[in-house]
Amino acid sequence: MNLRDSLLAVLVAVVWGLNFVVIDWGMQDVPPLLFVAVRFLVVVFPAVLLVRRPQVPLRTLLAVGGFMSLGQFGLLYASIAAGMPPGLASLVLQAQVVLTIVIAAGALREWPTGAQVVGVALGTVGLLVVGAGRGGDVPLLALLLCVAAALSWAVGNVVVRSAGVVAGLSLTVWSAVVVPLPALALAVLVHGGDAVVAGLAGWSWQASVSTLYTAGLASLVGYGIFNGLLARWPSSAVVPWILLVPVVGMGSAWLLVDEVPNAAEAGGGAILLAGVLVALRPRRRPRRLAEDEVALTAGLP
């Protein structure tokens, strides 16, 4: 990617890294699926009245909203509520990097370069080092829910790339339309109507601030930029940048909620960063081939 888009990818990683602590901080006494419903209600209104609908089939909007928004965040919020520490959640969720590149290779025939394969391998090793260093304190259900969230995100990434939508903000807003009502229905089904009513009645200022951050910065700004990057560049060039998210997530959890990383977590984070740098090493191509690719990219709708 060029310098401008690389800096945008770093900005997204910082916003999303802080997001885990903000979610954990705001979701006190609020059922997780209700929190998801309210978050995406704030994403949708009033933005849906101001942003033009992207020129994609309805099935694309449903798939992006279902996998990248409802699936990813419903499972992530449930994971944190089940006992997943926010710093570790930011790490485990990055299994989506490997899953995205694998799914994109099979579905879109976007084959990663050798450097990207090595970078992803380093990132995976870093994830394993940190995960092993955490011990067995995390509930199995919380861990499985977080891995399922990563899988849902990975499928959403590939859907966005295949759609080739340049207007990332419009896709973020309009795909979010499908989230609030299903999330609210699931909240009633999973948590019970009484718990949903109690959560709304006891809605705190912390929950409001958390919702504004997650809806405004993490969803509208973060996914608006990220979806635009996926539309302009191959998944294997964009997604490795998100390996920076757990570095930011673990650092912010350390500073803000005293989730102190041990030696394995610090070492694993360093390996993750090395994996990002290797995976993003520019590929060498003949000049003519590079010019043809630029022309093809510029022709995306």
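2 is the number of the first residue of the sequence shown in our numbering; add one for each residue after it.
Note that beta-carbon positions come from the ideal geometry of N, C-alpha and C, so glycine has one too.
Reduced DSSP secondary structure (H/G/I, E/B, other) of residue i
i, result
"Pro58", "coil"
"Gln117", "helix"
"Asp259", "coil"
"Asn20", "helix"
"Trp204", "coil"
"Val52", "coil"
"Ala110", "It should be noted that the sequence gives Arg, not Ala, for residue 110. In the structure shown, Arg110 sits in coil (DSSP, three-state: anything other than H, G, I, E or B)."
"Met2", "coil"
Terminal residues of the alpha helix (DSSP H) in which residue i lies
i, result
"Met28", "Looking at the DSSP string, Met28 is not in any alpha helix (DSSP H), and its letter there is neither H nor E."
"Val44", "Pro33 to Val45"
"Phe227", "Gly225 to Arg233"
"Pro87", "Pro87 to Val93"
"Tyr78", "Gln73 to Ala82"
"Leu273", "Ala264 to Ala280"
"Ala238", "Ser236 to Val239"
Neighbour-count burial assignment, residue i, 16 or more Cβ in a 10 Å radius
i, result
"Val174", "buried"
"Arg233", "buried"
"Asp259", "exposed"
"Asp25", "buried"
"Ala280", "buried"
"Asn20", "buried"
"Val23", "buried"
"Ser209", "exposed"
"Pro235", "buried"
"Val246", "buried"
"Arg40", "buried"
"Pro140", "exposed"
"Gly67", "buried"
"Leu144", "buried"
"Pro113", "buried"
"Leu221", "buried"
"Pro287", "The predicted position of Pro287 is uncertain, since its pLDDT is 44 and thus under 50; no value can be drawn from it."
"Leu4", "exposed"
"Pro47", "exposed"
"Pro1", "Lying before the first or after the last residue shown, residue 1 is absent from the chain, which here runs from 2 to 302."
"Ser80", "buried"
Chain-order list of residues whose beta-carbon lies under 7 Å from that of residue i (same chain, five-residue window excluded)
i, result
"Leu109", "Val159, Arg162 and Ser163"
"Ala188", "Pro32, Leu34, Leu35, Ala38 and Val197"
"Ala155", "Gln97, Leu100, Thr101 and Ile104"
"Leu63", "Val179"
"Thr325", "Residue 325 is absent from the structure shown; the chain starts at 2 and stops at 302."
"Val148", "Val93 and Ala96"
"Ser91", "Gly18, Phe21, Val246, Pro247, Gly250 and Met251"
"Gly203", "Asp30"
"Leu9", "Ile226 and Leu230"
"Leu218", "Val16"
Residues near residue i by beta carbon distance below 8 Å, same chain, minus five either side
i, result
"Val52", "Leu170, Ser171, Val174 and Trp175"
"Ala303", "Outside the displayed span of the chain (2 to 302) sits residue 303, for which this structure offers no information."
"Ala184", "Leu34, Leu35, Val37, Ala38, Phe41, Leu71 and Gly75"
"Ala216", "Arg40, Phe41, Val43 and Val44"
"Val11", "Trp242 and Leu245"
"Leu152", "Ala96, Gln97 and Leu100"
Chain-order list of residues whose beta-carbon lies under 6 Å from that of residue i (same chain, five-residue window excluded)
i, result
"Gln56", "none"
"Gly88", "Gly250, Met251, Ala254 and Glu260"
"Ala238", "Met2"
"Gly223", "Val13, Val16 and Trp17"
"Ala303", "No answer is possible for residue 303: the residues shown for the chain start at 2 and end at 302."
Runs of 4 residues minimum, wholly inside the region 138–201: which ones carry the alpha helix (DSSP H) assignment?
141–164, 169–176 and 181–192
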